[in-house]
Every structure is written in structure tokens, then in C-alpha cells.
Ligand SMILES: [Zn+2]
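In the working numbering, the protein residues as written are 22 to 362.
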């Protein structure tokens, strides 16, 4: 009996190691730390999604604790991000989550079938903390890379939800929900580092829907932005820090700063080539040490913390050395070494 149990355990651990390896080969690792403590019991019953064409951002309109439990019990999103920037996985990203309800985008109904849904704890018309917005930015950045989506494919729930005819609207109409509305506002998108948004409503344009909420339309497609005062300095400070990081030590002398030609993209790439050490020996010589190796249990953000995408962090694999600001989060893989000063 005891021997049988031991053999079983051995098989089981060999099996789970093989499974972990297979999963690593099939799916890129997330660079971010994502908690599984509210992973939904609904996962096994959800269909595998065939395509991913949109990332839909929601606001929970309620506090974190109740929201996480409800979202997990019902399997109503793929990820939930709380006020402090913690990220929770609810439904696995390759399966369908029931987050968009009655919805349509570009003539296609049931947006759940072709989208990832992210619930953000907060309210559609209230500012969120920068910690939370930065976590949303980082997760969206990774998902965009994994599914090769442009910035205009990151939408709010209110972009895609629509209402059936009722006593106020004789026809199918956009404006059933204002959920996630702030994520369409230019000042918030700047903090999220999204440089584009959908320019118009494809379903209203094609007369499949009518406009049911004129104010919402102005937020989604016009210049109405009630968060401007909140985030005016936030995005500016982040951009300034980024520019400073990008132009750090290497070749940027006082003279090159004055010469605008030096800042052209072509020049920039030669500068960035120089700043990347050519070998591990050179990394060591420049004072970098190996801080850890990426594995399913040791993510890049666990190893490098907030500096995982810094130009001063280097990833090494198969004789390649990639700086943190140029790493594609979807391509962070098992076995990558992370070097920092
Ligand atoms: Zn929603």
C-alpha cells in the first residue's frame, strides 16, 4: 500500500513536471506576478476561445473584496486588478469569461467569444490610483504583445455593450452601460500608454445600432475628459522619466543633445546597440550580477520587481542579451537570466 502510494506520487510529480514544461513551450510566461487566490471554479466548464480581437476594460462599481468573490464564483472576467495594483487571475486567458453581456463590435455579437475581459476595482467616472493604472498598463501591454493587438483594440465595456429596444429607445442602442468609461478618456489613456482609441462606433456608423447615450458618445469618441486635471502631471512625469532613462549614460553628450538629428530613430538604435553589453563577461565587468533565472515560479517581476522593464536590467538567453526596455513581455521564457546592478 505504502509502495503503491509512493509510486503514484512519483508518477504524479513526473507528470506535473512534464505538464509544466509542455505549458511553458505552448504559452509564453507573464512577466508580471499574478495571483491565483481567486481563480474561478468555473474554468473547466468554459470553452476555449478561438480568437482574441479586443481587450475590454471594466469598472467593478463596487469594493474589492465582494467584487473578487463574485467575479470568481461566476467566472465573469479573466483578470481583476485591485486599487493597490494587485492582479488576480479569474478565468484562464485562453478560455471564455462571461464579462461583456449583450454586446456587439463591428457587426459581431457576443464579444465574450473574441475578447479578454479585465475588471478594475473602481467606478466608471472616478479617478483611480496611479499604482492601479500602472498595473493595468503593464498587464494590457503583455496581453497586447501576446495577441498582437494595437492600442485601438483596447476598449471599455461601454464601447461594446448595447441595449435591446425598450420604452426609451425604440431600436437597439449603444449606451446600455457606462462601464469602464474613464478608460476612453485621453488623459487616462496617456497614463496607460495607449496612443490610439477606436475613432468611431462601427455599429452606429453601419446603422446596426443607434446612439442611446449622447454623453457617453462624447466621452468615447469626442474630447470630453473629466480626468484631465487628475492625470495632467502623472503622464508628464512618467514620460519625462522614460525619456531620461532612454537617453541615459551611453553616447548622449551635451553636443548630441543639441543636435536634433541625433534623436532620430535610426541613430537611437545604434546608441541602444552600444549600451547593450556584448557578452556575459562584459555584463560582469560593468558591475551587473545575476539576480535570478525565470521559471514558472520565479517571474521576471518577482526577480527584478518594478525594474523588470528598466533599460538598466538585462535578460540573457542563448548568447543573446536584451535590455529590459526592449524585452517583449510575451517572449520572456523559462531559463532567462536577469542581470542587474
Ligand atoms: Zn463591465
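No residue lacks a Cβ here, since even glycine has one placed at the ideal position from N, Cα and C.
Nearest to residue i by alpha carbon, out of the options?
i, options, result
"residue 153", "357, 255, 351, 346", "255"
"residue 95", "65, 203, 70, 159", "65"
"residue 318", "138, 356, 207", "356"
"residue 109", "59, 135, 187, 80", "59"
"residue 207", "249, 125, 302", "249"
"residue 204", "337, 251, 314, 240", "240"
"residue 341", "306, 314, 298, 322", "298"
"residue 189", "101, 159, 211, 234", "234"
"residue 177", "168, 166, 202, 348", "202"
"residue 134", "221, 213, 67", "67"
"residue 169", "143, 132, 137, 186", "137"
"residue 114", "326, 322, 61", "61"
"residue 227", "63, 326, 129", "129"
"residue 116", "165, 307, 63", "63"
Between which residues of its own chain and residue i is the CB-CB distance below 7 Å, once the five residues before and five after are set aside?
i, result
"residue 291", "Low local confidence applies: a pLDDT of 47 at residue 291 is under 50, so the model's placement there is unreliable, and no value is given."
"residue 238", "232"
"residue 150", "104"
"residue 174", "74, 75, 76"
"residue 106", "152, 153, 155, 156"
"residue 301", "337"
"residue 179", "198, 199, 200, 201, 202, 237, 241"
"residue 72", "135"
"residue 148", "248, 251"
"residue 85", "103, 104, 142"
"residue 186", "192, 193"
What are the residues that DSSP puts in a beta bridge with residue i?
i, result
"residue 336", "343, 359"
"residue 58", "According to DSSP, residue 58 bridges with nothing at all."
"residue 79", "140"
"residue 125", "130"
"residue 177", "78"
"residue 232", "195"
"residue 64", "Looking at the DSSP assignment, residue 64 forms no beta bridge with any residue, so it has no partner."
"residue 12", "With the chain running from 22 to 362 in the structure shown, residue 12 is simply not present."
"residue 101", "109, 140"
"residue 116", "69"
"residue 319", "316"
"residue 310", "361"
Between which residues of its own chain and residue i is the CB-CB distance below 6 Å, once the five residues before and five after are set aside?
i, result
"residue 223", "127"
"residue 360", "304, 309, 311, 335"
"residue 56", "109"
"residue 314", "358"
"residue 348", "336"
"residue 343", "336"
"residue 331", "345"
"residue 82", "144"
Within its chain, find whatever has a CB closer than 8 Å to the CB of residue i; leave out the 5 residues flanking it on each side and keep chain order.
i, result
"residue 163", "51, 52, 53, 350, 351"
"residue 328", "334, 345, 361"
"residue 338", "354, 356, 357, 358"
"residue 98", "79, 92, 111, 112, 118, 120, 138, 139, 140"
Is the beta carbon of residue i sitting closer than 8 Å to the one on residue j?
i, j, result
"residue 92", "residue 140", "yes"
"residue 181", "residue 121", "yes"
"residue 161", "residue 195", "no"
"residue 191", "residue 184", "no"
"residue 146", "residue 217", "no"
"residue 209", "residue 252", "yes"
"residue 100", "residue 111", "yes"
"residue 245", "residue 144", "no"
"residue 158", "residue 213", "yes"
"residue 142", "residue 88", "yes"
"residue 365", "residue 221", "Residue 365 cannot be examined here, being either before or after the span of the chain that is shown, 22 to 362."
Closer than 5 Å: residues whose CB approaches a heavy atom of ligand 1 | 79, 178, 200
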